[in-house]
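Worksheet: one structure, shown below.
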Amino acid sequence: SHYDTSDRLYFEPLTLEDVLEIVHAEQQAGPLAGVIVQLGGQTPLGLAQALKDNGVPIVGTQPEAIDLAEERGAFGRVLRDAGLPAPKHGTAFSFEEAKAIADEIGYPVLARPSYVLGGRGMEIVYDEASLASYLERHAGLISEHPVLIDRFLDDAVEIDVDALYDGTELYLGGVMEHIEEAGIHSGDSACALPPITLGGYDIKRLRASTEAIARGVGVRGLINIQFALSGDILYVLEANPRASRTVPFTSKATAVPLAKAAARVSLGATIAELRAEGLLPAEGDGGTLPADCPISVKEAVMPWSRFRDVHGRGVDTVLGPEMRSTGEVMGIDKVFGTAYAKAQSGAYGALPTRGKVFVSVANRDKRNLVFPARALVGLGFEVLATAGTAEVLQRGGIPSTLVRKHSEGEGPNGERTIVQLIHDGEVDLIINTPYGTGGRLDGYEIRTAAVARAVPCLTTVQAMGAAVQGIDALLRDEVGVMSLQEHAELINAGRSK
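Residue numbers are given in the working numbering: position 132 of the sequence shown equals residue 142, and the series is strictly consecutive.
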């Protein structure tokens with residue numbers, strides 16, 4: 011969308027009437043090959059059928075294929091035909107139906123109104139009372155659309171795949187491994203490319219699954235698929251027959267202009283032809299990057315400090331299935347820890363390399379806490395913890411200082427609460443994961459105090475583990491500077507080996 015790139019730019023609403031007017035203007039200037047709807051996000055997909063009904067040719071993925079991917083029942087048949095599993099799910103039009111589906115699937119479940127963007131109104135529901143509360147709070151959205159109930163995959167690794175398909179051959183643009191576990195909106199989770207814990211067998215399965223879905227749907231151009239790896243089972247979460255928000259990141263990380271290639275494929279070019287002319291690599295793709303390839307980390311930018319709730323209080327920083335980010339940054343380096351530290355620096359400021367770290371996590375996260383906490387002590391940090399977390403750390407042989415919760419108030423001898431310590435500038439890093447359905451009073455006060463004092467606050471144990479690697483890289487003074495051009499040269503040099 012730059013004057014130096016496009017022949018013409020139109021700044022108009024993405025409505026059928028406005029797009030038809032633009033089509034009419036372009037037809038007056040000469041022959042119109044067609045309209046590409048897969049490069050403008052979700053909204054243009056909804057216009058595809060209406061444009062076709064008005065005689066406008068759609069190039070690339072056709073409206074019928076878009077509907078196949080977007081309609082849950084039809085897409086479920088595509089997955090069944092390909093032998094690919096998806097989390098158990100159901101559609102409810104009332105509390106009784108939602109309760110029956112949740113009871114059959116088993117709690118926790120993911121509840122959301124159908125046909126919403128950015129995870130709006132989506133929530134992890136842990137029990138029947140929470141389900142009733144959810145339906146009551148979102149009555150406005152639910153009155154317009156049914157509620158989708160999905161099984162929530164605990165301790166699963168979420169994976170994003172961007173790919174090109176020409177009807178015959180698949181080009182795997184990139185495989186991104188999310189830092190946060192499945193259940194955090196993909197737009198809010200940090201991710202790494204190439205993936206840091208997935209092996210060749212996993213990539214092979216991702217490639218085969220992506221190709222089966224692209225072929226079954228009838229994609230011509232870009233497709234984005236979100237997977238979740240739980241144990242040894244690879245689940246398909248959703249497929250979008252369009253460019254995802256990850257395409258610019260994937261293109262920079264792999265030094266391949268995916269959007270340009272997608273436009274060419276939409277107009278009839280094959281992947282083999284694009285390889286021959288040099289637009290795509292002659293061999294391999296984003297799933298076969300060399301082992302010594304630089305690591306790229308994408309981090310979401312959250313506007314916590316800019317917003318207040320209706321009562322004027324700071325907003326809760328806890329992440330969930332509803333997207334809250336307003337931008338993204340990218341860090342590149344030879345190893346994951348350094349790339350992650352760069353991404354954090356770009357999004358929120360540098361990670362601390364010394365001082366006090368406060369740790370308080372939900373029961374479900376305590377078994378994954380010990381190793382990163384021990385690493386932080388080894389890096390020279392003093393650990394502060396509330397009673398339950400301190401007990402777990404003690405059993406793991408990790409020294410910590412017991413601090414009072416906000417709800418406990420000051421101690422008999424004037425001992426300050428953790429919220430007071432944060433406001434007094436005595437905490438340098440916070441790890442606080444939410445309890446149950448979201449931030450209870452203590453967690454909320456901790457996280458909003460962190461925003462007020464600009465203290466880094468991590469709300470998942472996975473982010474804590476990544477931060478440990480980033481801090482270690484900073485202490486080793488391993489952070490250097492690399493331009494995107496140098497990064498592209500390294501990628502291409504690795505491909506030519």
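The beta carbon of each residue, even a glycine, is placed where N, CA and C say it ideally should be.
**OP:** Look up residue 148 in the DSSP assignment and say whether it is helix, strand or coil.
**Re:** Reading the sequence shown from its first residue, position 138 is the one you call residue 148. Three-state DSSP puts residue 148 in coil, outside helix and strand.
Original post:
How big is the Cα-Cα spacing for residue 355 and residue 312?
Top reply: Working through the sequence shown from its first residue, we reach residue 355 at position 345. Working through the sequence shown from its first residue, we reach residue 312 at position 302. If I take the Cα positions, the gap works out to 13 Å.
Subject >> Residue ranges of each alpha helix (DSSP H) within the region 406-483, 4 or longer >> reply: 428-433, 451-463
Original post:
Measuring CA to CA, which of 262, 387, 422 is closest to residue 410?
Top reply: Here residue 410 corresponds to residue number 400 of the sequence shown, with the count starting at 1. Considering only alpha carbons, the answer is 387.
**OP:** Within its chain, find whatever has a CB closer than 8 Å to the CB of residue 141; leave out the 5 residues flanking it on each side and keep chain order.
**Re:** Indexing the sequence shown from 1 puts residue 141 at position 131. These residues qualify, in order along the chain: 105, 108, 109, 112, 119, 121, 135.
Subject >> Rounded straight-line distance, which links the Cα of residue 438 to that of residue 466 >> reply: In the sequence shown, counting from the first residue as 1, residue 466 sits at position 456. In the sequence shown, counting from the first residue as 1, residue 438 sits at position 428. C-alpha separation (whole angstroms): 7 Å.
Original post:
Among 416, 444, 421, which one has its Cα closest to the Cα of residue 433?
Top reply: The sequence position of residue 433 within the sequence shown is 423, counting from 1. Of the candidates 416, 444, 421, the one whose C-alpha sits nearest the C-alpha of residue 433 is 416.
Original post:
Would residue 293 be called buried (16 or more neighbouring beta carbons within 10 Å of its own) or exposed?
Top reply: Residue numbering aside, residue 293 sits at position 283 when the sequence shown is read from its first letter. With fewer than 16 Cβ atoms within 10 Å of its Cβ, residue 293 is classed as exposed.
Subject >> Touch test, the region 80-90 against the region 271-286, Cβ-Cβ under 8 Å, three pairs minimum >> reply: no
Original post:
Which term fits residue 270, buried or exposed, when burial requires 16 or more other beta carbons within 10 angstroms of its beta carbon?
Top reply: If you number the sequence shown from 1, residue 270 lands on position 260. Counting Cβ neighbours within 10 Å, residue 270 comes out exposed, since fewer than 16 surround it.
**OP:** For residue 392, collect the residues of the same chain with a Cβ closer than 8 Å to its Cβ; drop the 5 residues on either side in sequence, then sort them by chain order.
**Re:** Numbered from 1 along the sequence shown, position 382 holds the residue referred to as residue 392. Taken in chain order, the residues that qualify are 365, 366, 367, 411.
Original post:
Is there at least one Cβ from chain B nearer than 8 Å to residue 270's Cβ?
Top reply: Given the protein chain composition of this structure (a single chain), no chain B is represented.
Subject >> Assigned exposure category for residue 449 - 16 Cβ within 10 Å defines buried >> reply: Counted from its first residue, the sequence shown places residue 449 at position 439. Low per-residue confidence applies at residue 449: pLDDT is 40, beneath 50, and the placement is therefore not dependable enough to give any value.
**OP:** Quick one: residues in its chain with C-beta nearer than 6 Å to the C-beta of residue 192, no 5 flanking neighbours on either side, listed in chain order?
**Re:** For the purposes of this step, residue 192 is identified with residue 182 of the sequence shown, where counting begins at 1. Once the five neighbours on either side are set aside, the close Cβ partners of residue 192 are 163, 166, 168, 238.
**OP:** In the DSSP assignment, find the beta strand (DSSP E) that holds residue 369 and state where it starts and stops.
**Re:** One-based indexing of the sequence shown puts residue 369 at position 359. From DSSP, the beta strand (DSSP E) with residue 369 extends over 366-370.
Original post:
Alpha carbon to alpha carbon, what distance is there between residue 464 and residue 395?
Top reply: Here residue 395 is taken as the residue at index 385 of the sequence shown, counted from 1. Here residue 464 is taken as the residue at index 454 of the sequence shown, counted from 1. Looking at the two C-alpha atoms, the distance is approximately 20 Å.
**OP:** Determine the DSSP secondary structure at residue 13, reduced to helix, strand or coil.
**Re:** For the purposes of this step, residue 13 is taken as residue 3 along the sequence shown, with counting starting at 1. Three-state DSSP puts residue 13 in coil, outside helix and strand.
Original post:
How is the alpha helix (DSSP H) around residue 64 delimited, first residue to last?
Top reply: Taking the first residue of the sequence shown as position 1, residue 64 is located at position 54. Per DSSP, residue 64 belongs to no alpha helix (DSSP H) and is neither H nor E.
Original post:
So is residue 274 buried or exposed if we call it buried at 16+ other beta carbons inside 10 Å?
Top reply: Against the sequence shown, residue 274 aligns to sequence position 264. Residue 274 comes out buried.
Original post:
In chain order, what residues of the same chain lie with their CB nearer than 8 Å to the CB of residue 144, ignoring the 5 residues before and after it?
Top reply: By one-based count along the sequence shown, residue 144 stands at place 134. So the qualifying residues of the chain are 121, 133, 135.
Original post:
Under the DSSP definition of a beta bridge, which residues are partnered with residue 340?
Top reply: Residue 340 sits at position 330 when you count from the first residue of the sequence shown. Note: residue 340 sits in a beta bridge opposite 308.
Original post:
Cα-Cα, which of 180, 351, 422, 308 is closest to residue 486?
Top reply: In the sequence shown, counting from the first residue as 1, residue 486 sits at position 476. Comparing Cα positions, the closest option is 351.
Original post:
DSSP state of residue 196, grouped into three classes?
Top reply: Position 186 of the sequence shown, counted from the first residue, corresponds to residue 196. Look at residue 196 here: in three-state DSSP terms it is coil, with no helix or strand label.
**OP:** Have a look at residue 262 and residue 481 and give me their C-alpha separation to the nearest angstrom.
**Re:** Counted from its first residue, the sequence shown places residue 262 at position 252. Counted from its first residue, the sequence shown places residue 481 at position 471. If I take the Cα positions, the gap works out to 25 Å.
Original post:
When you compare only the Cα positions, how much space is there between residue 13 and residue 23?
Top reply: For the purposes of this step, residue 13 is taken as residue 3 along the sequence shown, with counting starting at 1. For the purposes of this step, residue 23 is taken as residue 13 along the sequence shown, with counting starting at 1. Cα to Cα, the separation comes out at about 19 Å.
Original post:
What span of residues does the beta strand (DSSP E) with residue 134 cover, start to end?
Top reply: Locating residue 134 in the sequence shown gives position 124, counting from the first residue. Looking at the DSSP string, the run of the beta strand (DSSP E) that includes residue 134 is 133-135.
Original post:
Is it true that the CB of residue 236 sits closer than 8 Å to the CB of residue 247?
Top reply: Looking up residue 247 in the sequence shown gives position 237. Looking up residue 236 in the sequence shown gives position 226. Yes, the pair counts as a contact, with Cβ atoms nearer than the cut-off.
**OP:** Rounded to whole angstroms, what's the CA-CA distance from residue 18 to residue 29? Just pull it up for me.
**Re:** The residue you call residue 18 lines up with position 8 of the sequence shown. The residue you call residue 29 lines up with position 19 of the sequence shown. Those two C-alpha atoms are separated by around 14 Å.
Subject >> residue 210 - containing alpha helix (DSSP H), residue span >> reply: Sequence index remark: in the sequence shown, residue 210 carries index 200 (1-based). Note, residue 210: alpha helix (DSSP H), 210-227.
Subject >> Inter-residue Cα distance where the pair is residue 429 and residue 455 >> reply: Translated into positions along the sequence shown, residue 429 becomes position 419. Translated into positions along the sequence shown, residue 455 becomes position 445. One C-alpha to the other measures close to 7 Å.
Original post:
With C-beta atoms as the reference, is residue 197 less than 8 Å away from residue 260?
Top reply: Sequence index remark: in the sequence shown, residue 197 carries index 187 (1-based). Sequence index remark: in the sequence shown, residue 260 carries index 250 (1-based). No, they are not a contact pair.
Subject >> Collapsed DSSP secondary structure at residue 240 in the structure displayed >> reply: As a position in the sequence shown, residue 240 is number 230, starting the count at 1. The DSSP-derived three-state label of residue 240 is strand.
Subject >> Inter-residue Cα distance where the pair is residue 63 and residue 346 >> reply: The residue given as residue 63 occupies position 53 in the sequence shown. The residue given as residue 346 occupies position 336 in the sequence shown. Taking the straight line joining both Cα atoms gives about 49 Å.
**OP:** Check whether the Cβ atoms of residue 94 and residue 76 sit closer than 8 Å, and answer yes or no.
**Re:** For the purposes of this step, residue 94 is taken as the residue at position 84 of the sequence shown. For the purposes of this step, residue 76 is taken as the residue at position 66 of the sequence shown. Cβ atoms of residue 94 and residue 76: not closer than 8 Å.
Original post:
Measuring CA to CA, which of 267, 309, 207 is closest to residue 290?
Top reply: As a working note, residue 290 is residue 280 in the sequence shown. Closest option to residue 290, Cα to Cα, is 267.
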